[in-house]
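Number of protein chains: 2
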Amino acid sequence: MADYESVAKQFTDFYYQTFGQNRAGLAGLYRPDSLLTFETTQTPGGEAIIQKLVELPFQKMQHHVVTLNAQPSADGSIQVLVTGYIKLDEEPQPQTFAESFHLKPDGGSYYIAHDIFRLIFPP
Amino acid sequence: MADYESVAKQFTDFYYQTFGQNRAGLAGLYRPDSLLTFETTQTPGGEAIIQKLVELPFQKMQHHVVTLNAQPSADGSIQVLVTGYIKLDEEPQPQTFAESFHLKPDGGSYYIAHDIFRLIFPP
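Protein chains in written order, with our numbering: chain W, 52 to 174; chain C, 52 to 174.
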């Protein structure tokens, strides 16, 4: 079995770096049965998910991961919870976020079966 | 199929209310194959998880849910991401948190297969 913590770290490194540089490059990480929740909108299916991400109204969106936790499942999938902050375009104030992923094994690699992203505002 | 959004809402209402009143009362929600990550510590198995929760060094811990999102899985399980804030004992300042759950169906109900909890601090 792959070391799930290493997989989660490599996955998030790749995901957020690619997100910041070329969102369309994330296409290989989603499948037709993937689900994305971005804020309050749920988008099913890899093609629609990439379109949604590409069309987000930000040119520059840089994620900074502060916490990363992962758990293994008996079926080989991996649960991941990330918290951190993002910087949008030229806004000086970073915004806090939380994002959960459910990674499923597929042909020696993993894809994103579930992806839920929320911005977090202070109480 | 049960309405996964209603299940997620009922689950989190019960979970956080019980957490605030009687943490031992959460025992029925975990199973031997459950995993809890609380901050940086991973605890496997329902009995150990309840012991961990009961022994948290807070008498009063009240959760306030701000965002709640859920996604259905083909196998009947439900992915949940909660963000909000907690108030600890008599501390005046609430603390922001994110918590992800993976709920698995079991005999007409659901149990917590995966639970990851993190406090979030502003950047």
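Where is the CB? At the ideal position from N, CA and C, for every residue including glycine.
Quiz item: Going along the chain, which residues of the segment 143-161 of chain W sit with their C-beta nearer than 7 angstroms to a C-beta in chain C?
Solution: Hits within the stretch, in order: Pro145, Thr147, Ala149, Ser151, His153.
Self-check item: Closest by C-alpha distance to Phe70(W), when choosing among Thr91(W), Pro95(W), Val116(W)
Solution: Your numbering for residue 70(W) matches position 19 in the first sequence. Looking at the Cα atoms, Val116(W) is the closest of the given residues.
Quiz item: Is the beta carbon of Tyr162(W) sitting closer than 8 angstroms to the one on Ala121(W)?
Solution: Sequence index remark: in the first sequence, residue 162(W) carries index 111 (1-based). Sequence index remark: in the first sequence, residue 121(W) carries index 70 (1-based). No, the pair does not count as a contact, with Cβ atoms beyond the cut-off.
Quiz item: Got a sec? Which residues, its chain only, sit under 7 angstroms from Arg50(W) by beta carbon, not counting five neighbours each side?
Solution: This structure leaves residue 50(W) out entirely; chain W is present only between 52 and 174.
Quiz item: Got a sec, what are the start and stop residues for the beta strand (DSSP E) Thr92(W) sits in?
Solution: Stepping through the first sequence from its first residue, residue 92(W) is reached at position 41. 92-95 is the extent of the beta strand (DSSP E) around Thr92(W).
Practice problem: Assign Glu150(C) to buried or exposed, taking buried as 16 or more other Cβ atoms, counted over all protein chains shown, within 10 Å of its Cβ. | Solution: The count along the second sequence starts at 1 and reaches residue 150(C) at position 99. When all chains shown are included, Glu150(C) counts as buried.
Quiz item: Hey, is Met52(C)'s beta-carbon within less than 8 angstroms of any beta-carbon in chain W?
Solution: As a first step, residue 52(C) must be located in the second sequence, where it is residue number 1. Its pLDDT being 44, under 50, Met52(C) is placed unreliably by the model, and the measurement read from it follows with that caveat. By this cut-off, Met52(C) is not an interface position.
Practice problem: Output yes if chain C places a C-beta closer than 8 angstroms to the C-beta of Tyr55(W); else output no. | Solution: Taking the first sequence and counting its residues from 1, the one referred to as residue 55(W) is at position 4. Not closer than 8 angstroms to any Cβ of chain C, the Cβ of Tyr55(W) fails to qualify, so no.
Practice problem: Measure the CB-CB distance between Ile100(C) and Ser124(C) and report whether it falls below 8 angstroms. | Solution: On the second sequence, position 49 is the one that residue 100(C) refers to. On the second sequence, position 73 is the one that residue 124(C) refers to. No, the Cβ-Cβ distance between Ile100(C) and Ser124(C) is not below 8 angstroms.
Practice problem: Name the residue from Lys111(W), Lys60(W), Asp126(W) whose alpha carbon lies nearest to the alpha carbon of Arg74(W). | Solution: Stepping through the first sequence from its first residue, residue 74(W) is reached at position 23. Per the Cα distances, Lys111(W).
Practice problem: Tell me the start and end of each unbroken alpha helix (DSSP H) in the segment 65-145 of chain W that is at least 4 residues and wholly inside, in chain order. | Solution: 97-105
Quiz item: Mind checking if Arg169(W) is an interface residue toward chain C, Cβ cutoff 8 angstroms exclusive?
Solution: Position 118 of the first sequence holds residue 169(W). So yes, Arg169(W) belongs to the interface.
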